[in-house]
Amino acid sequence: MATPNLECRMYEAKYPEVDMAVMIQVKSIADMGAYVSLLEYNNTEGMILFSELSRRRIRSVSSLIKVGKIEPVMVLRVDKERGYIDLSKRRVSEEDIQTCEERYNKSKLVHSIMRHVAETLSLDLEDLYVNIGWPLYRKYGHAFEAFKVLVTDPDSVLGSLTREIKEVGPDGQEVTRVVPAVTEEVKEALVKNIRRRMTPQPMKIRADIELKCFQFDGVVHIKEAMRKAEAAGNDDCPVKIKLVAPPLYVLTTHTLDKDQGIKILDEAIVACTETIEKHKGKLVVKEAPRAVSERDDKMLTEHMAKLRMDNEEISGDEESGEEEEDTGMGDVDIDGGAGIIE
C-alpha cells in the first residue's frame, strides 16, 4: 500500500490574501532579506526584505530576525503564477498580531487532529480537508468552532456533509451520486481525537489574602469568616481556603468558566471581609483572583512545605526571651479541617 499524503495547507485558498497577517517561520538569512515558510500554507516559501523588517534604522539584522523564529507578518504581494510572496514585519500591527496568533493556534490544533486521523487510517490528508475540513471552515467560519460543537453533538456537525462520487450505471453510463462525506470509521476516529484534545479541562482560580483578628476569640471569628467565604461557592465552583502561614491564606476554586470562577472568588472575599470586619478584624487582598498554572500551584506547595519544615525545626518549648504577641491566628480548623491546611 502506498504511503498516504500527510502534507496539506490548512485553508482552502492556496495563497493568502494581500494585507493579511500570516504566521511564518524563518528558514534562512540571505543578502537582501530573510526566506521564510508560511506555516498555514503547507510551508510555502515567502521573503521579507530587510527594508521591511523595521520602521527604524537597522543596526543589527540578527536583533530583528532569527532563523527558526515563528512570528506573524503582513502579506504585501502575492504572485500566484510564480509562487512569490513578499512579506513585511514592520507593517504588522499589535491587533494584527493578536488576531493572527489566535487564528493560527486554532488552525494548528485542527490540523494536528486531521493529520492524526489521516495517518491512523492511511488516508490522504488533502482529501480529508476537501470533504470535511474546508466545508466546516466555510460553514462555521473556522473548523475549530465546528470541532467544539462536535465534542457533544457530532451528528449535527458531520451529518450534513456530503461528497459526490462517480459510478457506472446499469446502462453503462457514468452517473454522479451524492453520498455522506464521512464514513463511520472516519467519524469514530475524528470524534475520538477531538474529544481527547478539545474536551475542556477545569482551570484553577486562586486569590491570596491576609486575614487578621486581634479581638478576644479571634480564631473563632476567623473560622466564621472562612465559613462565609466557602459558602459563597457552589457545585460548579466550590470555594476552598488553605492556610499558608499566619496571616496568609489562599482561596481557590476549579471551574470550566474562568470569568465565573473569578466572580465567585470575588464574592467569597466580600463575604469573608464583611464577617471579619464585624469583629474588628481585617482582610487584605494580596493577589486578586486569577487563573493559575500548574507551575504556580507547584511553587505554592513547595513554599508551604518549606514553611512547615521551618516550623518543625523550632522547638515549641524553647524560651524566646520575649513575650509572644497573640494575634488570634493559631492553628485553624474549620469543621474538622475541610479545605484548611494547618
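Adding 210 to a residue's 1-based position in the sequence shown gives its number in the working numbering. The beta-carbon is built from N, C-alpha and C at its ideal position, and this holds for glycine as well.
Cβ shell of residue i (< 6 Å), same chain only, five flanking positions each side left out
i, result
"L360", "V367 and I404"
"Y350", "A356"
"F260", "G243"
"K188", "This structure cannot settle anything about residue 188, because the visible part of the chain is limited to 211 through 552."
"V401", "P364"
Residue i, buried or exposed, once every other Cβ within 10 Å from all chains shown has been counted against 16
i, result
"S317", "buried"
"K299", "buried"
"Y294", "exposed"
"R267", "exposed"
"K397", "buried"
"D527", "Confidence in D527 is poor, its pLDDT being 46 and thus under 50, which makes the residue's placement too unreliable to answer from."
"I280", "exposed"
"H513", "exposed"
"P457", "buried"
"T537", "Caution is warranted here: a pLDDT of 40 is assigned to T537, below 50, making its placement in the model unreliable, and no coordinate value can be reported."
"T213", "exposed"
"M509", "exposed"
"E250", "buried"
"G379", "exposed"
"T511", "exposed"
Member of the options whose CA lies at the smallest distance from the CA of residue i
i, options, result
"I239", "I275, A399 and E222", "I275"
"Y314", "G428, I479, P282 and S332", "P282"
"L346", "L333, D334, G369 and L331", "G369"
"N253", "D241, R265 and M220", "M220"
"E374", "P380, Q383 and A391", "A391"
"K490", "V302, D427 and D229", "D427"
"V495", "E329, L461 and C423", "L461"
"K473", "A353, V449 and D241", "V449"
"V340", "E222, L517 and E262", "E222"
"L493", "F424, T511, K376 and G471", "F424"
"M408", "G379, R505, I323 and E305", "I323"
"P412", "G471, K358 and V378", "G471"
"P410", "E395, E394, S332 and T362", "T362"
"T309", "L263, L338 and V232", "V232"
Sequence-distant residues of its chain with Cβ nearer than 8 Å to residue i (five each side left out)
i, result
"V246", "I234, Q235, V236, K237, E255, G256, M257, I258, V283 and L297"
Contacting residues, own chain, Cβ-Cβ under 7 Å from residue i (five flanking each side not counted)
i, result
"E497", "A417 and D418"
"T485", "E434, A435 and K438"
"T372", "V388, V389, P390 and A391"
Any non-hydrogen atom of the ligand HEM closer than 8 Å to residue i Cβ
i, result
"L333", "Of the ligands one can find in the structure shown there are none, so the ligand HEM has no counterpart to examine."
Task: Ordered list of alpha helix (DSSP H) runs contained in the segment 275–338, each at least 4 residues - done: 304–331 and 335–338
Task: Entirely enclosed alpha helix (DSSP H) segments - the segment 352–397, minimum 4 residues - done: 353–360 and 364–368
Task: Validate contact between the segment 430–444 and the segment 495–511 using beta carbons, cut 8 Å, 3 pairs - done: no
Task: Entirely enclosed beta strand (DSSP E) segments - the segment 222–270, minimum 3 residues - done: As for any beta strand (DSSP E) of minimum length 3 sitting wholly inside the segment 222–270, the runs are 231–239, 243–248 and 254–259, ordered along the chain.
Task: Residue ranges of each beta strand (DSSP E) within the segment 411–499, 3 or longer - done: 413–422, 450–455 and 458–465
Task: Cβ contact (3+ pairs, closer than 8 Å) linking the segment 381–388 and the segment 462–481 - done: no
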